[in-house]
Structures are given as structure tokens and as C-alpha cells.
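This report refers to the structure that appears directly beneath it.
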Amino acid sequence: SYGKVLGATLTLGRTDGTLLIAFVAFFVTVVGSHIWRILCFSLHQASSKATTPQDTLYHQRQTILRNTSDPSQGAFKFLQLVWAWRRSGSSPRVRRRILPIVGGTVLAVCGLAVASGFSAKVALGSEVLMLGANCALVSNTDTTNTTLSETVLSPRGERRHQAAAIYAQQCYNSGSSSSSSNVASTTGYGCDTFVEPRLPFTAATNAPCPF
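Residues are numbered in my numbering as their position in the sequence shown, beginning at 1, plus a constant of 2.
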């Protein structure tokens with residue numbers, strides 16, 4: 003777990019984890035829509051001038067702010083408004099009054115898209131936290147505990163040996179003269195684990211014992 007600020011680690015199955023990610027993405031979309039409505043209401047109220055007469059553009063802008071439900075729709079409506087006023091004599095003034103709002107709506111759309119995409123980051127990996135208060139290293143020397151050996155140590159050793167065999171088969175070709183090039187060509191299999199694929203060495207079969 004990461005504390006009260008960053009949150010705790012929640013362990014779920016594959017199906018439940020997929021449902022959680024989908025729900026988080028939906029929740030982010032709903033929250034983004036409500037934030038957009040709050041911003042539209044605030045801008046609508048801040049620019050409201052009911053006591054003085056206003057031009058047509060003012061009323062069109064207020065209508066769009068009042069009736070758009072999401073930022074993408076708002077950006078499209080404001081761009082349509084700018085396009086409709088393009089041939090009028092007040093087109094530069096229209097752009098100065100509308101384009102800043104268009105820029106804000108585009109930023110809102112981008113922020114909502116990024117937030118929805120990063121909602122998948124709630125899935126940290128496949129490691130399971132059984133009980134945070136009792137985390138410790140497993141002793142490989144305890145051979146008297148039969149249950150520990152059968153349920154933890156033996157399966158763990160088999161998985162490590164299998165992973166090592168797959169890594170060696172995919173990343174090293176013993177029949178080639180250049181193993182470094184083979185490792186470089188198979189980086190898509192995760193063969194770039196080590197900075198140097200193979201350390202150079204010289205084997206002396208007839209060297210005397212140094213001790």
C-alpha cells in the first residue's frame with residue numbers, strides 16, 4: 003500500500019480488475035462532463051449582463067454555454083458560430099470573443115481524453131498482496147516444513163526455471179557465432195534485461211590450481 007494519500011493496494015481477479023478499470027474510465031468521463039457544466043455555468047453567470055442591451059453574438063454565446071453537455075460538443079458549436087460570422091464585417095471581433103472559449107474547450111477535451119486513458123494505470127501489475135503486515139522473505143533452507151515446500155518453494159522454483167529456460171531459448175542461439183547480435187535482434191521478447199548480453203571470457207582448461 004502507498005499510504006493515505008496515494009491509496010492502498012487492492013488485489014482483484016482478472017475479471018474484476020477489468021470491470022474496475024472500465025468503471026474508472028466511465029467515472030472519469032462522468033466527472034469530466036459535470037466539471038464542464040460547472041465551468042459553463044460559471045462563465046455564463048460571469049458574462050451575464052441582463053441590465054444592458056447586448057448584441058446577437060452575446061446571446062448566441064450564452065445559449066451555447068447554457069445548452070452544451072460536454073466539451074467536445076461545445077467546441078464544435080463555438081466553431082460553427084465563428085464560421086457563421088466569417089463574412090460579416092465584425093468577424094475579427096467575433097474571433098476575439100469566441101476563440102479563447104474554443105481554446106478552453108479543446109484543452110478540456112484533451113484533458114478528459116488523457117484522464118480516461120490513464121485510468122488504466124490503476125492496474126499496477128500481476129503481483130498479489132496477500133497481507134501487508136506479514137510480508138517477508140521466504141527461507142529456502144527450511145526443509146522441515148513440508149507444506150511450505152510443496153505449496154510455495156517447489157512451484158516458485160519451477161516457475162523460475164521455466165522462465166529462465168524460455169529466456170535462454172528466445173534470447174541466445176548457441177548455434178550462432180555472434181550471440182550479441184541475436185540478443186539485439188530479439189529485444190521484442192524482453193531480451194534487453196541485461197545491459198551487456200554476454201561478458202567476454204577466456205577458458206583455460208590446463209591452468210594450474212591457484213590455491
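The beta-carbon is built from N, C-alpha and C at its ideal position, and this holds for glycine as well.
This one's a predicted model, so the numbers in the text were calculated from it and none came from an experiment.
Supposed close pair residue i, residue j - CB separation, criterion 8 Å
| i | j | result |
| --- | --- | --- |
| Ala27 | Ser118 | 5 Å |
| Leu59 | Arg98 | Their Cβ separation, rounded to whole angstroms, is 11 Å, which puts Leu59 and Arg98 out of contact at 8 Å. |
| Val124 | Leu21 | Val124 to Leu21, Cβ: 12 Å. No contact. |
| Ser93 | Trp85 | Between Trp85 and Ser93 the Cβ distance is about 10 Å, and since that is not below 8 Å, they are no contact. |
Rounded straight-line distance, which links the Cα of residue j to that of residue i
| i | j | result |
| --- | --- | --- |
| His36 | Arg16 | 30 Å |
| Thr195 | Thr207 | 31 Å |
| Leu67 | Val116 | 23 Å |
| Thr65 | Thr31 | 23 Å |
| Ser156 | Ala167 | 16 Å |
| Phe203 | Glu152 | 39 Å |
Which of helix, strand or coil DSSP assigns to residue i
| i | result |
| --- | --- |
| Thr31 | helix |
| Leu201 | coil |
| Ala209 | coil |
| Ala52 | coil |
| Thr195 | coil |
| Gly106 | helix |
| Leu101 | helix |
| Asp72 | coil |
Limits of the unbroken alpha helix (DSSP H) element including residue i
| i | result |
| --- | --- |
| Ser90 | Premise fails: Ser90 is in no alpha helix (DSSP H) and is neither H nor E. |
| Ala165 | Ser156 to Cys173 |
| Gln64 | Thr58 to Asn69 |
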